[in-house]
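Structure, as structure tokens:
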Amino acid sequence: MHAAPRRRVSPLSAADAVQGFRGLSYRFRLESFLLQLSTAFLKAPIDDLERSVEVWLRRLAQFMGIDRCSFWEVAANGSRITCQSYYSAPGMGPPESELLRHRFPWLTRQYRRGVPIVWSRVPEQIPACATPEREHALQIGAKSVLSIPLSSGSSIWVLALVSTRRYCAWTDATVQRMTLVGEIFASAMLRQRAEISLRLSQWQLREGEERFRGAFDHAAIGMALVSPEGHWLKVNRALTLILGYSEEELLETTFQAISHPEDLSQNLDYLRRALAGELDHYELEKRYIHKDGHTIFALLSVSLVKDAWGRPLYFVSQIHDLSERTRTQLEIDQLRLELTHSSRVALMGQLTGSLAHELLQPVTAMSANAEAALSFLAAGESDSAGMLACLNDIVESCGRAAQVIQRVNSLLRKERRARRRIDLNQLVREVARVVHSDLMTRRVRLTLQLHAHLPEIMGDAVELQQVILNLLVNGAEAVSHASCKNRDLLISTLTREQEVELCVRDRGTGADPADLERMFEPFFSTKPNGMGLGLPICSEIARAHGGRLWAENNPDAGLTVHVSLPTAG
Ligand SMILES: Nc1ncnc2c1ncn2[C@@H]1O[C@H](COP(=O)(O)OP(=O)(O)O)[C@@H](O)[C@H]1O
Ligand SMILES: [Mg+2]
């Protein structure tokens, strides 16, 4: 039978698709960056916070491709704006340590009103009344400036971004995301202050002082004193805002009553251990139910205060609202799903010709058998054995066709799938079947060398198939040059300590050593119609499975791409 002519049908052929991918990929990277940042700050030790802020200002500058990021505090009376922390790229000096109101009245006013400064082009966009500000911006060589005031508790903080080498088009979305970054820094600073005053006041409380009240009431995070039985004894305003209940309402209830039922037993277990003297302090992520019914994700940190005889008096609880972080995490998950799905659709588009061919075989067989059966009937023969054979063949061909469709369908579906135990060898065999005709058309020979006792891994079968499929298509493309004589591909699986490894080896052109790492970056492609998204998505999938991906040139010819994944254990 003739192979169907191979068609290159790309459902995402237009420039819009690339644009769409680019936008999605940028958002994806930005959201991942934000998630890393917020996670880092959640866990950052209070005593080392200044250094963490410095480190993340540098990362932010590098991520945004700008020259200076700084974080400032506006004095309560507005008289000065003091630099708390900064990063300046090499060649750019430090910012001034403070800006005085009488020198920059316009700027101070904007900050105190909570108005961000968004200048994509300096000096064109600087208002005429802001003369000293314009001079200052020109003096530091700024081309674009973005600075965002954040009021948190009774303080105003400012996150400032300066670019001197290029103009930056600050979009609303960027301003919104940078506001979030500023809020993370500001809330960490407040947390540090609250913690320091809490430590101080806990000590003072023991001394019988009343100053605890001030720190407690004005802390920016939720705080409460809770009885050993779980009754709220005292709650601050921040906590009432997080949970949606008034102070009076909370004092009439217990933490058990507004905890998420699924998280309660773990919390009670900690409480019991603290009361039994096994722990003085514990921390857990848990959910509360807001008064209006929605779920609040929170980080709970609890210390037990005891009397002079060591008997439990009450718990001091700090409740940090994680909803924003959780929302970002969900958004990233969604983006990841979209991105991997779109690229899977594009990949399947490339294989349409080969799949049509795969489907044609059983369909042709079915129609031949149906015709034979019809001719039996027409001739009035009562050859029931012949009829039965025809019908059995038809049933079998139907089964084969259904399998082809099912394989394609499962790859095209976009949905969240639960992780399950997977035999990687089995996935390799299934993918090999999907690309079978495509490889035949290209005259590529695929050999499988699968480890006989490969441990199982935990994962998402469709995503891992996508990785194998991508690597196979890349390998096939690498050996499909007219000049390539050795059109061999080898997939092998092997096991290492706690890991399994999949290698896809080709005898193609190999890669320039400088490209061995770059090929995993989004949009890097050396192919005329390449999207450059295959490998970065494979890396992302491997990373999400706790594994990694790398490439090596073979000593003789071609390239091997390795994927290592942790075993299910
Ligand atoms: N097997 C291979 N041999 C040589 N180069 C490869 C191979 N696989 C990938 N590459 C290089 O990595 C680049 C990126 O691959 P990929 O992310 O799949 O995007 P695309 O295939 O759309 O170019 C390719 O353009 C090619 O330069
Ligand atoms: Mg590719």
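Counting in the working numbering, the final residue of the sequence shown is number 550, and the numbers go up one at a time with none missing.
Just so it is clear, CB atoms sit at the ideal spot from N, CA and C, and this is done for glycine as well.
Rounded Cβ spacing between residue i and residue j (contact assumed at less than 8 angstroms)
i, j, result
"L453", "L470", "7 angstroms"
"F393", "F9", "The amino acid at residue 393 is misidentified as Phe; the sequence shows Leu. Contact flag wrong, Cβ pair sits at about 21 angstroms."
"W87", "A56", "Rounded, the Cβ-Cβ distance is 17 angstroms, inconsistent with contact."
"L427", "V481", "20 angstroms between Cβ atoms; not a contact."
"M347", "I313", "The pair is not a contact, with the Cβ atoms about 46 angstroms apart (cut-off 8 angstroms)."
"E12", "L316", "6 angstroms"
Residues near residue i in its chain [Cβ-Cβ closer than 7 angstroms; skip 5 each side]
i, result
"L256", "P209, P293"
"H271", "L224, G225, I277"
"N455", "G515"
"R(-11)", "Here the model assigns R(-11) a pLDDT of 40, short of 50, so the residue's position is not dependable, and the following value carries that caveat. Within the same chain, R(-11) has close Cβ partners Q331."
"A354", "M368, C371, L372"
"Q237", "G211, L245"
"P517", "F501, E502, P503"
Pair within 7 angstroms by beta-carbon distance, residue i and residue j
i, j, result
"A169", "L131", "no"
"F85", "E54", "no"
"C50", "L142", "yes"
"A459", "T490", "yes"
"E46", "R82", "Here residue 46 is Gly; the residue named in the question, Glu, does not match the sequence. For G46 and R82, no; Cβs fall outside 7 angstroms."
"A382", "P343", "yes"
"E339", "S418", "yes"
"V416", "I522", "no"
"R424", "A457", "no"
"Q446", "L420", "no"
"L260", "R254", "yes"
"A492", "L530", "no"
"L23", "W37", "no"
"A219", "W213", "no"
"H432", "L475", "yes"
"T307", "L15", "no"
"R477", "M439", "no"
For residue i: DSSP bridge partner residues
i, result
"P203", "Per the sequence presented here, residue 203 reads as Gly, with Pro not at that position. In the DSSP output, where bridge partners are listed per residue, G203 has I300."
"E402", "Residue identity differs from the one stated: residue 402 is Arg in this sequence, not Glu. Partner(s): M439."
"P486", "First, the residue type needs correcting, since residue 486 is Arg and not Pro in the sequence shown. Answer is L471, T541, bridged to R486."
"Y263", "V283"
"K215", "L206"
"S51", "Y67, A141"
"R529", "S545"
"P293", "K287"
"V448", "In DSSP, V448 forms no bridge with anything."
"R147", "The partner list for R147 (beta bridge, DSSP) is empty, contrary to what the question assumes."
"T476", "V481"
"Q430", "S473"
Closer than 6 angstroms: residue i CB and nearest ligand 2 heavy atom
i, result
"N455", "yes"
Closer than 6 angstroms: residue i CB and nearest ligand 1 heavy atom
i, result
"L332", "no"
"L540", "yes"
"A459", "yes"
"K508", "yes"
"D537", "no"
"G562", "Any question about residue 562 goes unanswered here, given that the chain covers just -18 to 550."
"M329", "no"
"A413", "no"
"H511", "At residue 511 the sequence reads Gly, which differs from the His that was named. Yes; taking the cut-off as 6 angstroms, the Cβ of G511 has a heavy atom of ligand 1 nearer than that."
"A495", "no"
"A492", "yes"
"D48", "no"
"D273", "no"
"M500", "yes"
"D374", "no"
"D469", "no"
"G361", "no"
heavy atom of ligand 3 below 6 angstroms from residue i C-beta
i, result
"L516", "Among the ligands modelled here, namely ligand 1 and ligand 2, ligand 3 does not occur."
Cutoff 6 angstroms; reference residue i; Cβ partners in own chain excluding five residues on either side
i, result
"L80", "I62"
"G291", "none"
"W151", "V99, S101, L127"
"F504", "G513"
"P(-14)", "The predicted model places P(-14) with a pLDDT of 42, which falls under 50 and marks its position as unreliable; any figure quoted below should be read in that light. Here the set comprises nothing."
"I239", "Y269, I270"
"A538", "R488"
"I472", "V409, L429, V485"
"I345", "It should be pointed out that residue 345 corresponds to Thr in this sequence rather than to Ile. Counting only Cβ-Cβ distances below 6 angstroms, and skipping sequence neighbours, we find nothing."
"Y251", "Y263"
"I467", "The displayed chain sequence assigns Asn, not Ile, to residue 467. R488."
Residues near residue i in its chain [Cβ-Cβ closer than 8 angstroms; skip 5 each side]
i, result
"Q173", "I27, L30"
"E264", "L280, L281, S282, V283"
"F357", "D364, G367, M368, C371"
"D302", "I202, G203, I223, I277, F278, A279"
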